[in-house]
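Residues in the sequence shown are numbered consecutively from 52, following this note's numbering.
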Amino acid sequence: MGRKNSGKTTLIVELIRELTSRGCRVGTIKHTHHHHEFDVPGKDSFRHREAGAAIVGLVGPSMSAAYWDRDESAETDQQWERLFLDCDLVLVEGNQQSLAMKIEVWRAVTGQPPLALENETIQAVVSDDSIERPGLQIWPRTDVVALADRVLAMLGCEK
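Written as structure tokens, this is what we have:
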């Protein structure tokens with residue numbers, strides 16, 4: 052998690068590459084506050100949803116997708132759990148309300164304070180800048196191998 056332009060996506064891409072090179076099966080979920088229509092109006096899958104299908108799967112020769120209307124009263128992570136059962140770990144970008152372990156990506160050049168100063172549920176911050184919060188782990192941004200080691204250690208994984 053982190054503020055806009057903090058480098059979250061860049062870091063997640065680097066972590067995915069490092070973790071998959073170790074044999075980990077990595078899933079990702081990207082949260083957005085924008086209201087997007089991921090399915091295309093007029094297409095068959097859209098028409099299935101429009102007709103009332105609870106969930107619509109789209110299967111192609113090289114990729115698959117599933118569309119459903121999100122239950123806003125339910126915990127988002129729980130709605131996704133079944134899709135990621137065969138993953139060793141799932142990296143989630145952008146969900147500050149999640150009950151899962153939280154790591155913030157922060158850069159002073161954004162001009163914003165770290166979220167970790169306000170949010171005690173953040174266990175670590177990835178940054179090359181200094182942050183003052185007792186007990187907060189600060190992990191250097193420059194060493195992705197060490198970051199992957201730390202993430203796996205926090206999760207109790209060995210890869």
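Yeah, the Cβ is synthetic: ideal placement off N, Cα and C, and Gly gets one too.
Considering only the alpha carbon of each residue, which of the options lies closest to residue i?
{"i": "Leu66", "options": "Gly207, Leu198, Glu209, Ala159", "result": "Leu198"}
{"i": "Thr61", "options": "Leu203, Met205, Val202, Arg192", "result": "Arg192"}
{"i": "Asp179", "options": "Gln148, Arg158, Gly162", "result": "Arg158"}
{"i": "Pro164", "options": "Ala102, Arg184, Ala151", "result": "Arg184"}
{"i": "Asp90", "options": "Ile106, Arg201, Gly145", "result": "Ile106"}
{"i": "Cys208", "options": "Cys138, Leu168, Arg98", "result": "Cys138"}
{"i": "Arg121", "options": "Ala104, Ser113, Arg68, Leu70", "result": "Ala104"}
Within its chain, find whatever has a CB closer than 7 Å to the CB of residue i; leave out the 5 residues flanking it on each side and keep chain order.
{"i": "Phe135", "result": "Gly78, Val141"}
{"i": "Lys153", "result": "Met52, Thr172, Ile173, Gln174"}
{"i": "Arg201", "result": "Trp190"}
{"i": "Phe97", "result": "Asp90, Val91"}
{"i": "Ile63", "result": "Thr79, Leu142, Glu144"}
For residue i, count the other beta carbons within 10 Å of its own beta carbon; 16 or more makes it buried, fewer makes it exposed. Which is it?
{"i": "Ser57", "result": "buried"}
{"i": "Lys59", "result": "buried"}
{"i": "Leu70", "result": "buried"}
Determine, using beta carbons only, whether residue i comes closer than 7 Å to chain E.
{"i": "Thr172", "result": "Absence of chain E from the displayed structure is noted, only one protein chain being present."}
Any idea what DSSP makes of residue i, helix, strand or coil?
{"i": "Val91", "result": "coil"}
{"i": "Trp119", "result": "strand"}
{"i": "Leu109", "result": "strand"}
{"i": "Thr172", "result": "coil"}
{"i": "Trp131", "result": "helix"}
{"i": "Glu144", "result": "strand"}
{"i": "Glu183", "result": "coil"}
{"i": "Glu155", "result": "strand"}
{"i": "Thr60", "result": "helix"}
{"i": "Thr79", "result": "strand"}
Only counting the same chain, and skipping five residues up and downstream in sequence, which positions put a Cβ closer than 8 Å to that of residue i?
{"i": "Ala167", "result": "Glu155, Trp157, Ile173, Val176, Ile182, Arg184, Leu187"}
{"i": "Leu206", "result": "Leu140, Met152"}
Assuming residue i and residue j form a contact by the criterion Cβ under 8 Å, report the distance between their Cβ atoms to the nearest whole angstrom.
{"i": "Ile80", "j": "Trp131", "result": "6 Å"}
{"i": "His82", "j": "Asn170", "result": "With 8 Å as the limit, His82 and Asn170 do not qualify as a contact, their Cβ atoms being about 15 Å apart."}
{"i": "Thr161", "j": "Arg54", "result": "6 Å"}
Please return the same chain residues whose Cβ sits closer than 6 Å to the Cβ of residue i, not counting the five positions on each side in sequence.
{"i": "Ala116", "result": "Leu109"}
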